[in-house]
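Residue numbers (our numbering): 19 to 285.
In this text, a Cβ means the ideal position worked out from N, Cα and C, and glycines have one as well.
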Ligand code: OAD
């Protein structure tokens, strides 16, 4: 993998680093993305039937089961070298903000400390009527009920038409305006407001870098576009810039996941 000299210097000098990730960074862990033809979740399932409040009202059981299937997939998956490279980068610089659109918790499982989850988490559950958090629940009913108010439990993810967590979004926007470098990794750059974060950076003359095997609407605005899978490009970048070798001491969790849950089969 050829990393341009200008990018190496930029990365080595950067003290404030902002990274925005999307589903692509977890692809090499075996988690399906959303918009890839054939394999993407939205190529196979209709978001209108699975990822809106009205879908849940219409068919709570179907929605609960779909997220239970996805939860099982991520629990069986393991972080990959792309996630691990970001853990190392956070360790190396004084100010590192990792903003993710992913709900799979793999950044945290890899060891990232400061993660802004813009779209919530599959691993948390709250109630439909009042957002009461449910730390544990039993699969007695489909979906189970809130212990406080009795309404159905739902995943604590942001559905279409819902607002993003205000504090997380504020942190993300603020960090994006004052970084030394901004990286967009494994996202199609199509979903707002996440897609506007790199543009906030650009408007503040912050160098933009994209890592993605495919071009996106952001690519033309980037100072550097590294074409390839994050699980290969990020370790190569960290090696060139800091001499970091991902496979020494990281044999543990990294790997490929899979699994099935009732009517939602393995990809
Ligand atoms: P998408 O599925 O829209 O885009 C995934 C991106 O990852 C594409 O640009 C792929 O080219 C790229 N990609 C695939 N494999 C990769 C790899 N190994 N390394 C790096 N990149 C790779 O997913 P997102 O952009 O994350 O929202 O989608 C944004 C939001 O749309 C999601 O958070 C979700 C969805 O609807 C909610 O659920 C609220």
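Roughly how many angstroms lie between the CA atoms of residue i and residue j, to the nearest whole one?
i           : j           : result
residue 78  : residue 201 : 37 Å
residue 266 : residue 65  : 41 Å
residue 154 : residue 141 : 10 Å
residue 37  : residue 151 : 28 Å
residue 226 : residue 178 : 28 Å
residue 116 : residue 74  : 30 Å
residue 176 : residue 212 : 12 Å
residue 22  : residue 244 : 9 Å
residue 250 : residue 94  : 22 Å
residue 312 : residue 68  : Residue 312 cannot be examined here, being either before or after the span of the chain that is shown, 19 to 285.
residue 287 : residue 84  : Here the chain covers residues 19 to 285 and nothing more, so residue 287 does not appear.
residue 169 : residue 199 : 44 Å
residue 50  : residue 195 : 31 Å
residue 119 : residue 255 : 22 Å
residue 282 : residue 230 : Note that residue 282 scores a pLDDT of 49, beneath 50, so its modelled location is shaky; the value from the coordinates is reported in the next line. Whole-angstrom Cα-Cα distance: 28 Å.
residue 261 : residue 102 : 14 Å
residue 89  : residue 82  : 10 Å
residue 47  : residue 26  : 27 Å
residue 138 : residue 19  : 33 Å
residue 87  : residue 98  : 21 Å
residue 235 : residue 209 : 11 Å
residue 33  : residue 259 : 13 Å
residue 214 : residue 239 : 12 Å
residue 280 : residue 233 : Any reading at residue 280 is ruled out, since the residue's pLDDT is 43, under 50, leaving its predicted position unreliable.
residue 184 : residue 246 : 33 Å
residue 162 : residue 145 : 9 Å
residue 147 : residue 164 : 9 Å
residue 159 : residue 80  : 12 Å
residue 224 : residue 263 : 28 Å
Looking at the strands, I want to know which residues DSSP matches up with residue i.
i           : result
residue 246 : Residue 246 pairs with nothing; no bridge assigned.
residue 144 : 151 and 172
residue 202 : 38 and 228
residue 134 : 117
residue 139 : 174
residue 163 : 170
Residue i: buried (16+ other C-beta within 10 angstroms of its C-beta) or exposed?
i           : result
residue 61  : exposed
residue 40  : buried
residue 167 : exposed
residue 221 : exposed
residue 112 : exposed
residue 149 : exposed
residue 130 : buried
residue 105 : buried
residue 274 : Only weak support exists for where residue 274 lies, its pLDDT of 39 falling under 50; the coordinates are left without a value.
residue 270 : Note on residue 270: pLDDT 49, under 50, position unreliable in the model; no value is reported.
residue 31  : exposed
residue 174 : buried
residue 24  : exposed
residue 55  : exposed
Am I right that residue i and residue j are in contact with their C-beta atoms under 8 Å? What's the rounded C-beta distance?
i           : j           : result
residue 134 : residue 190 : 5 Å
residue 197 : residue 35  : 6 Å
residue 108 : residue 127 : That belief does not hold up - the Cβ atoms of residue 108 and residue 127 are roughly 14 Å apart, past 8 Å.
residue 43  : residue 193 : With a Cβ gap of about 18 Å, residue 43 and residue 193 do not count as contacting.
residue 12  : residue 124 : For residue 12 there is no data in the structure shown, the boundaries of the chain being 19 and 285.
residue 187 : residue 110 : Incorrect: roughly 27 Å between the Cβ atoms, too far for contact.
residue 181 : residue 53  : Their Cβ separation, rounded to whole angstroms, is 22 Å, which puts residue 181 and residue 53 out of contact at 8 Å.
Using a C-beta cutoff of 8 Å, does residue i count as contacting chain C?
i           : result
residue 236 : Although the question refers to chain C, the structure presented lacks it and comprises just one protein chain.
Answer yes or no: the CB of residue i versus the heavy atoms of ligand 3, is any distance below 7 Å?
i           : result
residue 199 : Questions concerning ligand 3 fall outside what the structure shown contains, since the ligands it does hold are ligand 1.
- Message: In chain order, what are the residue ranges of uninterrupted beta strand (DSSP E) at least 3 long that sit wholly in the region 60-118?
- Response: 113-118
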